[in-house]
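When you number the sequence shown by the numbering used here, it's gap-free, plus one each residue, and the end is 258. Where is the CB? At the ideal position from N, CA and C, for every residue including glycine. Every value quoted in this text rests on a predicted model; they were computed, and no experiment measured them.
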Amino acid sequence: MSVSFLLPEERAAVIRERLERDGRVVAAELARALGATEDTVRRDLRELAARGLCRRVYGGALPLSPASGAMSERIGRGAEAKAALAREAAKLVSPGQFIFLDAGSTNLALAGALPTDADLTIGVNAPLIAAALLERGGCRVVMIGGALDRAIGGAIDAHAVGELSALRIDLCFLGACAVDDDGNIGAFSFEDAAFKRQLAAASRRIAVAATNEKLGAVARFEALAGRDLDHIVVENDADPMRLARFRELEIDVRRAA
């Protein structure tokens with residue numbers, strides 16, 4: 002079926018389908034495919050970005066990460082993949098370390114995969130993760146305080162950020178809403194990005210465990226530049242081209258079994 006002479010909402014549907022299929026769209030290519038002018042396509046992309054459905058970049062657009070929703074809603078999504086990531090991520094931890102698990106459903110899985118005989122001190126900002134660690138035992142838990150954000154599932158406000166400044170963390174596991182092709186870590190909210198930046202600043206080494214849906218996606222606020230990321234743990238079938246780019250940036254890439 003021809004895509005020429007489509008109405009605005011019909012063009013938007015085609016653009017969203019191509020974003021999902023290809024992971025990017027180029028305005029000039031879309032204009033040719035849709036039989037529209039580049040100005041029309043750029044206007045369509047601006048409107049989609051304003052609705053929170055994509056992120057405008059020079060010459061086109063990228064998808065936003067699908068890893069949204071409240072933490073309680075995300076826990077059951079991709080549980081098997083997250084468990085595999087957690088098992089691999091746990092191998093980064095050494096006995097006696099002070100580690101920090103940022104709020105997130107993958108880090109909740111990691112809480113259940115950590116050794117219970119490694120004399121760990123574990124910082125958290127999410128009550129669900131703190132409860133999981135306390136139930137397992139075998140570690141000391143340091144809880145960051147502050148007002149809880151429902152979507153994040155943890156404390157990320159100014160009080161929480163202030164408490165981070167007193168910590169000297171050996172290894173933190175950042176929660177990632179999105180990881181773009183240059184390894185930059187994105188967050189959906191300004192406050193969460195600010196918390197993650199301070200957490201990274203308080204940590205000697207920084208790791209992220211990310212499911213496939215987060216790779217190549219973009220969130221609105223940058224939390225960490227890829228050049229500052231030390232480790233990334235990915236699914237076994239993650240895109241080899243993306244992983245090669247991470248290695249070019251000297252990021253240690255670990256594949257889950």
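Starting from residue i, follow the beta strand (DSSP E) in both directions and report where the run begins and ends.
i           : result
residue 122 : 121-125
residue 106 : Note, residue 106: premise wrong, no beta strand (DSSP E); alpha helix (DSSP H) at 106-112.
residue 222 : 222-225
residue 188 : 186-188
residue 256 : 253-256
residue 63  : 61-63
residue 169 : Run containing residue 169: none; DSSP gives neither H nor E here.
Using three-state DSSP, classify residue i as helix, strand or coil.
i           : result
residue 149 : strand
residue 4   : Here the model assigns residue 4 a pLDDT of 49, short of 50, so the residue's position is not dependable and the matter cannot be decided.
residue 54  : coil
residue 43  : helix
residue 175 : strand
residue 80  : helix
residue 208 : strand
Do residue i and residue j have their C-beta atoms closer together than 8 angstroms?
i           : j           : result
residue 212 : residue 92  : no
residue 8   : residue 98  : no
residue 145 : residue 165 : yes
residue 104 : residue 127 : yes
residue 45  : residue 12  : yes
residue 230 : residue 209 : yes
residue 257 : residue 86  : yes
residue 198 : residue 225 : yes
Can you name, in chain order, every residue of its own chain whose Cβ lies under 6 angstroms from the Cβ of residue i, other than the five neighbours on each side?
i           : result
residue 221 : none
residue 101 : 124, 170, 173
With respect to the alpha helix (DSSP H) encompassing residue i, which residues constitute its N-terminal and C-terminal limits?
i           : result
residue 230 : Segment: none, residue 230 is in no alpha helix (DSSP H) and carries neither H nor E.
residue 15  : 9-23
residue 102 : Element bounds for residue 102: not the alpha helix (DSSP H) but the beta strand (DSSP E), 99-102.
residue 163 : 159-165
residue 35  : 28-35
residue 132 : 128-137
Quick check on residue i - is its C-beta less than 8 angstroms from some C-beta in chain D?
i           : result
residue 145 : The structure shown contains no chain D; it holds only a single protein chain.
Less than 8 angstroms between the CB atoms is what I'm expecting for residue i and residue j, so what's the real figure, rounded?
i           : j           : result
residue 56  : residue 50  : 6 angstroms
residue 216 : residue 235 : 7 angstroms
residue 183 : residue 139 : Rounded, the Cβ-Cβ distance is 38 angstroms, inconsistent with contact.
Can you list, in chain order, the residues of its chain whose CB lies under 7 angstroms from that of residue i, leaving out five sequence neighbours each side?
i           : result
residue 161 : 126, 145, 146, 147, 196
residue 96  : 119, 120
Please work out which residues of its chain come closer than 8 angstroms, Cβ to Cβ, to residue i, disregarding the five sequence neighbours upstream and downstream, and give them in chain order.
i           : result
residue 137 : 112, 113, 115, 117
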